[in-house]
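The structure appears below as structure tokens.
Numbering (the numbering used here), first residue to last: -3 to 267.
This is the structure we're talking about:
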């Protein structure tokens, strides 16, 4: 057991957080997610891989704490997207609004959403995979800014105790991200796009885990078919053309899946 003087404050930055998230996604694909967390094998795999990459011995408790913080962020972001006038730009991973002035009203009661306004939430779809189907929705389950732990945003580094191991190449944060301006989307269309995308990813992950197959391409023909089947009042002709195009062009599949509801209809009409 490490002595007290060997214990320091662990710092989470954007890069280490993204790596941690990627490891959790892999364990979901392997079928190691339980109803609300990971089983013993899953946590062991995550801890070993993460510590080998980072070069410090994070404990399972520290990793679980980070997991819980991400779960709170995920719930808070879901609550934000549930507000009238807010939507999601799946290409730029940004929040879209019908009227920019609505931010001021909502930030008064939910100051943690300021980070989402500034930076978006690039890992949201990955968190859909990790927490989808395990996170209770609704006002009571999600909570507000008063319930969030200090250091909610990764621009404030999360600090917890850890024990140093053999140093490896350090993981550095990079805040000089390209900020692409958002474009307006209609609320209804963005909700449809986001819900469909998350559901498609979750269903593919569940299918992959159950059959022990390799990870599924999120831009596969099956993903396009899933979306086509959920488009209201889509006629058989456009459905058939969409499936044929998905089979013929990987670029079209990716463009179709990442587009908004209106843009998807436009892509189908132009076939």
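We treat Cβ as the ideally placed atom computed from N, Cα and C, and that holds for glycine.
Local Cβ density within 10 Å of residue i, reported as buried at 16 or more and exposed below that
i           : result
residue 213 : exposed
residue 265 : exposed
residue 173 : Low confidence applies to residue 173: its pLDDT is 38, below 50, so where it sits in the model is not reliable, and the reading given next is rough at best. Exposed, since its Cβ has fewer than 16 Cβ neighbours within 10 Å.
residue 233 : exposed
residue 28  : buried
residue 30  : exposed
residue 267 : exposed
residue 257 : buried
residue 72  : buried
residue 25  : buried
residue 101 : exposed
residue 229 : exposed
residue 44  : exposed
Endpoints, alpha helix (DSSP H) assigned at residue i
i           : result
residue 92  : Residue 92 -> not in any alpha helix (DSSP H); beta strand (DSSP E) instead, spanning 90 to 93.
residue 73  : 56 to 77
residue 224 : 217 to 226
residue 254 : 246 to 254
residue 231 : First-last for residue 231: undefined, no H or E at that position.
residue 107 : Where residue 107 is concerned, there is no enclosing alpha helix (DSSP H), given that its DSSP letter is neither H nor E.
residue 127 : 120 to 127
residue 213 : Neither: residue 213 is in no alpha helix (DSSP H) and is coded neither H nor E.
residue 261 : 257 to 265
Residue(s) in a DSSP beta bridge with residue i
i          : result
residue 34 : 29
Close Cβ partners of residue i (< 6 angstroms) along its chain, the five nearest in sequence each way excluded
i           : result
residue 39  : 56
residue 263 : 252
residue 97  : none
residue 20  : 126
residue 242 : 217, 220 and 249
residue 70  : 123 and 127
residue 215 : 249, 250 and 253
Start and end residues, beta strand (DSSP E) containing residue i
i          : result
residue 82 : 82 to 85
Residue i at chain D interface by Cβ criterion, 7 angstroms
i           : result
residue 229 : Of the protein chains in the structure, only one exists, and it is not chain D.
Cβ-based neighbour list, residue i, same chain, cut-off 8 angstroms, excluding 5 preceding and 5 following
i           : result
residue 81  : 93, 94, 95, 98 and 183
residue 237 : 264 and 267
residue 76  : 82, 91, 102, 106, 109 and 112
Same chain only: Cβ atoms within 7 angstroms of residue i, ignoring 5 sequence neighbours per side
i           : result
residue 254 : 86 and 87
residue 79  : 102
residue -1  : In this prediction, residue -1 scores a pLDDT of 43, lower than 50, which makes its location untrustworthy; the coordinate-derived value is nonetheless stated afterwards. Hits under 7 angstroms: none found.
Original post:
Would you call the stretch 82 to 92 and the stretch 51 to 60 touching, i.e. three or more CB-CB distances under 8 angstroms?
Top reply: no
Original post:
Can at least three beta-carbon pairs, one atom from the stretch 115 to 122 and one from the stretch 6 to 19, be found at a separation below 8 angstroms?
Top reply: yes
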